[in-house]
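Below is one structure, written out as structure tokens, with a few remarks after it.
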Amino acid sequence: MRNLMLSVALVLVTGLADISTRAVAAGPDEEGETARQAQRGFERVTVFGQFRLLKNGNEVKLGEGFFSNVAALRLYRPEDQEDFTGRVEEDGEFAFKLAPGEYYLMSITFKHQGETIEPETNYVINVSPGIEAAYIGTITLETTFGGGYHGMKGSFDRFIVSNECAADCNRRMADLGIAGAPMEVALPQWQEQVALHD
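This is the structure:
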């Protein structure tokens, strides 16, 4: 009986030693994979560019000064339903940290005589993984505003996207502290809306 109990105890101790040896051997790899998964899951790309607002042919100063106008871009990522609104800084420049993926530029908001105006857009922006920065160009909104018998009237004439990376990217990336980092030009693409009929 004593030999049987000793044999059982020896088998248990050997089994536990084997399990703990495998756990120690596998531990760093598993921890490394967990860290890599977490890093992939929380990877963010610096998405930067500029927004210009023209009213009746004149450029509107953007920023937070007394005579400035506040503007913001609203982005939506369908993959995980992330809804993000990023503020446009002084001189119309912006930089946001976003996860890689496909984003809809839903709208761009600005103020006109104290009223918030929010024209919708049909732009799609693709932010690739494995890079540190994505330049999405200069987005210009041309508008016309005027007074009439029934009050203020306005129209959104057109959006224009221009690639000014050759002149702006190196300076902007240096300002953002990511000079020389892997980057791409990811200009927004206009998507035509298709009417669905039954």
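Read in order, the letters of the sequence shown correspond to residues 12 to 209 in our numbering. A virtual CB, placed ideally from N, CA and C, is assigned to each residue, including glycine. Just so it is clear, the structure is predicted and the values come from calculations on it, not from any experiment.
Arg183 - DSSP class collapsed to helix/strand/coil: The residue given as residue 183 occupies position 172 in the sequence shown. Helix, per DSSP.
If you reduce the DSSP assignment to three classes, tell me which class Gly74 lands in. Here residue 74 refers to the residue found at position 63 of the sequence shown. Of the three classes helix, strand and coil, the one that applies to Gly74 here is coil, per DSSP.
Nearest-angstrom Cα distance between Gly60 and Trp201? Position 49 of the sequence shown, counted from the start, is the residue given in the question as residue 60. Position 190 of the sequence shown, counted from the start, is the residue given in the question as residue 201. Going by the C-alpha atoms only, they are around 17 Å apart.
Coil, strand or helix - Glu93 by DSSP: Counting from 1 along the sequence shown, the entry for residue 93 is found at position 82. Residue state, collapsed to three classes: strand.
To which residues does DSSP link Glu195 through a beta bridge? The residue given as residue 195 occupies position 184 in the sequence shown. Paired residues: Ala145.
Please classify Gly141 as buried or exposed, where buried requires at least 16 neighbouring CB atoms within 10 angstroms. Start at 1 with the first residue of the sequence shown, and residue 141 comes out as number 130. The residue in question, Gly141, is exposed, as its Cβ has fewer than 16 Cβ neighbours within 10 Å.
7 Å Cβ cutoff met for Ala197 and Ala144: Position 186 of the sequence shown holds residue 197. Position 133 of the sequence shown holds residue 144. Result no, Cβ atoms of Ala197 and Ala144 do not sit closer than 7 Å.
Can you find a CB in chain C that lies within less than 7 Å of the CB of Tyr87? In the displayed structure, chain C is absent; only one protein chain is listed.
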